[in-house]
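A.B. asks: Quick one: structure below, then a few questions.
Chains as they are written, first to last, in the working numbering: chain S, 1 to 322; chain D, 1001 to 1299.
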């Protein structure tokens, strides 16, 4: 072996690459083994979920489900889940339309200005608190706020002319709080990764801070912003509590009165998460086949978003040296 | 059997700093044995050097730490001024003060005066000043946009009028030509700038600075991240440019200073120890510190 050390090093077998060196202690070997085990276990769980949902989903899913409206009333068989699919996208888009620009603006302010310092610290803690608040708490808080008569334009009114506090607009608005920390975090990280000398190069060409942000820093953070927005949409699509409390979780669209588009946005409806809950025997319903099919569609949407994040981050172009 | 760990070879940046041993330890003439040939192929400036910038008893402190201590210097068009000295001697701080970039550091304070064409730089609008006094950084830092847009960057958004691509084209081409990059990129102006090689990126940064028409160009170790060939190309560009633009270069590479500089300022712990013609500073330094530094005694 000492005769051809170069040959051994040129083509190391897998085990040599894992160990990196021959001088690893027994503790290190156990550690590496555990790390491998944990990784493999995670893969196994993911594969199990996807395979199970794939089998069940394909077993029960039919195209007519995806393109037809649910029948009114719980427990009734028949009907598809077109409304919840559209509802999922409406809520996700409403949420991200609010959270995207707001999150990017907060991230830019925190990384490029952050004066006065106490305000920056307060904003940071605010984001952390919002990120850590369970969505059920956000939902109940939203209900209290939007049931005030000041917001009566945003949702159908119940008895005594008090607003229900439940509509796509309200649910989307509260959902934006779920996505906001993710957008802020990813954008901040992207801005932080731009070396200081890149900003200084822009200043050295006679540009002020605003045009440096607009022309250099934001374009350079595109990937980070895209990642944050996509992760945020995934978070919104997967949420159930806000849909239950702030959207009504009705199986079908139940538009408010008013102009066509506006009546939908201020009306009630559901998303795939509540549809699954309302149809699964584990939840409220007795239509497991509908629940499986809808869960499969939900999983497919979320996986597609994760895949999009992968694509966004993998294509990382050339960057600067610090 | 255990094998010895492989030796990790550390890549030396740019040209190696060659510090030959002095032939004998006494006498000014032999204090330095640097043999780097100057880039003499380039004609000297046709006109006599013209003063563009001057510092008068310039002091800069970061909090309570004095980084530059009462330095008075002249920066002239038609020649290259090299700032040399060991790390932390204040040469980069001095350079960054010339276009008021040092003001971006919150704790930095300044004393003394900096004049551009006889006028105090504090009297100028800072964005205007920075267009007159351009800067190049240690790491190439083109913006994440096309080659064309990088060079046009400084020309756009001036005032309310938005110049079209066609209007900008002659200025962009001219700047790329002066930076010696035009032949390599003229067919790919719409390619992303970050896809260029390191040396090309740095020349693109030069072109980007030249496009806004500066009178002074500040170079902060512009070749320290580049290979020897790119370094040579950039040094030739620097020597070419000095007739039109006053150039100040901070460098750790004494050979580079010998190759490109007409005047050399040696700084140590914030003080300007020695300032003079490059030939004199390297061949016959007056101060003991300078002699030690240029002969490789410390640094």
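All residues carry an ideal CB built from backbone N, CA and C; glycine is no exception.
So, is the C-beta of residue 7 of chain S closer than 8 angstroms to a C-beta in chain D?
C.D. replies: Legend: pLDDT at residue 7 of chain S = 47, less than 50; position of this residue unreliable, no value from coordinates given.
A.B. asks: Do residue 1365 of chain D and residue 1268 of chain D have their C-beta atoms closer together than 8 angstroms?
C.D. replies: One cannot answer for residue 1365 of chain D here, as it falls past the ends of chain D, which runs 1001 to 1299.
A.B. asks: Identify every run of the beta strand (DSSP E) within the stretch 124 to 193 of chain S, keeping only runs that are complete inside it and at least 3 residues long; order them along the chain.
C.D. replies: Complete beta strand (DSSP E) runs here, min 3: none at all.
A.B. asks: Just to make sure I have the definition right: I need the residues of chain D whose C-beta is within less than 9 angstroms of the C-beta of residue 36 of chain S. Which are they?
C.D. replies: The contacting residues do not exist; residue 36 of chain S stays about 24 angstroms from chain D at best.
A.B. asks: Could you work out which residue in D:1152, D:1265 and D:1194 is closest to residue 1212 of chain D when comparing CA atoms only?
C.D. replies: Comparing Cα positions, the closest option is D:1152.
A.B. asks: Output the residue ranges of the beta strand (DSSP E) runs that lie fully inside the stretch 1194 to 1257 of chain D and measure 3 residues or longer, sorted by chain position.
C.D. replies: Listed in chain order, they are 1216 to 1220 and 1246 to 1250.
A.B. asks: Skipping 5 residues on each side, what residues in its chain have a beta carbon closer than 8 angstroms to that of residue 67 of chain S?
C.D. replies: Once the five neighbours on either side are set aside, the close Cβ partners of residue 67 of chain S are 80 and 82.
A.B. asks: Let me know if residue 1263 of chain D comes out buried or exposed under the rule of 16 or more other beta-carbons within 10 Å of its beta-carbon.
C.D. replies: It is buried - the Cβ of residue 1263 of chain D has at least 16 other Cβ atoms within 10 Å.
A.B. asks: Quick one: Cα of residue 320 of chain S to Cα of residue 194 of chain S, how far?
C.D. replies: Cα to Cα, the separation comes out at about 8 angstroms.
A.B. asks: Using 10 angstroms around the beta-carbon of residue 1289 of chain D, count the other beta-carbons present and answer buried if the total reaches 16, otherwise exposed.
C.D. replies: When all chains shown are included, residue 1289 of chain D counts as buried.
A.B. asks: Could you work out which residue in D:1071, D:1115 and D:1131 is closest to residue 1266 of chain D when comparing CA atoms only?
C.D. replies: Answer by Cα proximity: D:1071.
A.B. asks: Cβ of residue 1216 of chain D within 8 angstroms of Cβ of residue 1052 of chain D?
C.D. replies: In this structure, residue 1052 of chain D lies closer than 8 angstroms to residue 1216 of chain D by Cβ.
A.B. asks: Could you name the residues of the stretch 117 to 133 of chain S whose beta carbon sits closer than 8 angstroms to any beta carbon of chain D, in the order they occur along the chain?
C.D. replies: If the cut-off is 8 angstroms between Cβ atoms, the stretch 117 to 133 of chain S has nothing near chain D.
A.B. asks: Which value, in whole angstroms, describes the spacing of the CA atoms of residue 1058 of chain D and residue 1140 of chain D?
C.D. replies: Residue 1058 of chain D and residue 1140 of chain D: Cα-Cα distance of roughly 29 angstroms.
A.B. asks: Kindly list, in the order they appear in chain S, the residues whose Cβ is closer than 7 angstroms to that of residue 1157 of chain D.
C.D. replies: By Cβ distance, chain S contributes 211.
A.B. asks: Within the same chain, show all residues whose beta-carbon is closer than 7 angstroms to that of residue 1176 of chain D, passing over the 5 residues directly before and after it, in chain order.
C.D. replies: Same-chain partners within the cutoff: 1151, 1182, 1185 and 1207.
A.B. asks: Alpha carbon to alpha carbon, how far is residue 288 of chain S from residue 328 of chain S? Give it in angstroms, no decimals.
C.D. replies: This structure gives no information on residue 328 of chain S, because the portion of chain S shown stretches from 1 to 322.
A.B. asks: Taking C-beta to C-beta, are residue 312 of chain S and residue 240 of chain S nearer than 8 angstroms?
C.D. replies: It is not a contact, given that the beta carbons lie outside the stated cut-off.
A.B. asks: Any residues in the stretch 32 to 57 of chain S with a beta carbon nearer than 8 angstroms to a beta carbon of chain D? Which ones, in chain order?
C.D. replies: From the stretch 32 to 57 of chain S, no residue has a Cβ closer than 8 angstroms to chain D.
A.B. asks: Short of 8 angstroms in beta carbon distance, which residues of its chain neighbour residue 1309 of chain D, apart from the five on each side in sequence? Order them along the chain.
C.D. replies: Nothing about residue 1309 of chain D can be reported from this structure: the residues present for chain D run from 1001 to 1299 only.
A.B. asks: Is the stretch 204 to 211 of chain S touching the stretch 121 to 139 of chain S, taking contact as three or more C-beta pairs under 8 angstroms?
C.D. replies: Result no; under three Cβ-Cβ pairs closer than 8 angstroms.
A.B. asks: At 8 angstroms on the CB atoms, spell out the chain D contacts of residue 197 of chain S, in chain order.
C.D. replies: Near residue 197 of chain S (Cβ distances below 8 angstroms), the residues of chain D are 1137, 1138, 1139 and 1141.
A.B. asks: By the DSSP assignment, the beta strand (DSSP E) with residue 254 of chain S in it spans what residues?
C.D. replies: It is not in any beta strand (DSSP E) - residue 254 of chain S carries neither H nor E in the DSSP assignment.
A.B. asks: Does residue 137 of chain S pass the burial test, meaning 16 or more other C-beta atoms within 10 Å, or should it be called exposed?
C.D. replies: Label assigned to residue 137 of chain S: exposed.
A.B. asks: Quick one: what's got a C-beta closer than 6 angstroms to residue 1103 of chain D's C-beta in the same chain, skipping five residues either side?
C.D. replies: Hits under 6 angstroms: none found.
A.B. asks: Would you list, in chain order, the members of the stretch 1193 to 1212 of chain D that have their beta-carbon closer than 8 angstroms to a beta-carbon of chain S?
C.D. replies: Listed by position, the residues of the stretch 1193 to 1212 of chain D near chain S (Cβ gap below 8 angstroms) are 1194, 1195, 1205, 1208, 1209 and 1212.
A.B. asks: Report yes or no: is there a C-beta of chain D within less than 8 angstroms of the C-beta of residue 206 of chain S?
C.D. replies: Yes, contact with chain D.
A.B. asks: Could you work out which residue in D:1279, D:1251 and D:1258 is closest to residue 1089 of chain D when comparing CA atoms only?
C.D. replies: Comparing Cα positions, the closest option is D:1251.
A.B. asks: Tell me whether the beta-carbon of residue 70 of chain S lies closer than 8 angstroms to the beta-carbon of residue 251 of chain S.
C.D. replies: Going by C-beta atoms, residue 70 of chain S is nearer than 8 angstroms to residue 251 of chain S.
A.B. asks: Could you work out which residue in S:114, S:144 and S:186 is closest to residue 309 of chain S when comparing CA atoms only?
C.D. replies: Of S:114, S:144 and S:186, the residue nearest in Cα terms is S:186.
A.B. asks: Determine, using beta carbons only, whether residue 1053 of chain D comes closer than 8 angstroms to chain S.
C.D. replies: By this cut-off, residue 1053 of chain D is not an interface position.
A.B. asks: Roughly how many whole angstroms lie between the Cα atoms of residue 1055 of chain D and residue 1129 of chain D?
C.D. replies: Approximately 15 angstroms between the Cα atoms of the pair.
A.B. asks: Let me check understanding here. Comparing Cα to Cα, which of D:1196, D:1245 and D:1163 lies closest to residue 1178 of chain D?
C.D. replies: Minimum Cα distance to residue 1178 of chain D is reached at D:1245.
A.B. asks: Quick one, which of S:314, S:149 and S:231 has its alpha-carbon nearest residue 160 of chain S's?
C.D. replies: With distances taken between Cα atoms, residue 160 of chain S lies closest to S:149.
A.B. asks: Could you compute how far the alpha carbon of residue 1283 of chain D sits from the alpha carbon of residue 1254 of chain D?
C.D. replies: If you take the alpha carbons of residue 1283 of chain D and residue 1254 of chain D, they lie about 12 angstroms apart.
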